[in-house]
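Take a look at the structure below.
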Amino acid sequence: MSTADGETFTTNAVVSATGALHVPSFPEISGRESFRALPSTRPAGTTRWT
């Protein structure tokens with residue numbers, strides 16, 4: 001991929017993130033503001049969930 005100023009990038013994937021689902025939608029659930037979920041991904045290079 002190249003930018004307008006000539007910079008070139010090599011990638012394994014390109015993600016197109018445009019469209020109707022670009023605005024997040026959150027359900028109206030009591031207590032949602034104070035909920036702290038665990039991360040849904042693990043640190044790179046490890047198989048242990050922390």
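The sequence shown maps to residues 1 to 50 in the UniProt record's numbering.
By construction, the Cβ of each residue, glycine as well, lies at the ideal position given by its N, Cα and C atoms.
From a predicted model like this one, the values you see are computed outputs, not experimental measurements.
(request) Leaving out five residues on either side along the sequence, give the residues of the same chain with a beta carbon under 8 Å from the beta carbon of residue 14. (result) If we look at residue 14 and ignore the five residues flanking it on each side, its Cβ neighbours are 1.
(message) I'd like to know whether the C-beta atoms of residue 3 and residue 9 end up nearer to each other than 9 Å.
(response) In this structure, residue 9 lies closer than 9 Å to residue 3 by Cβ.
(message) Measuring only the C-alpha atoms, how far is residue 16 from residue 37?
(response) If you take the alpha carbons of residue 16 and residue 37, they lie about 27 Å apart.
(message) Tell me the DSSP secondary structure of residue 30 in three-state form.
(response) Judged by DSSP in its simplified three-state form, residue 30 adopts coil rather than helix or strand.
(request) Return helix, strand or coil for residue 25, following the three-state DSSP convention. (result) Of the three classes helix, strand and coil, the one that applies to residue 25 here is coil, per DSSP.
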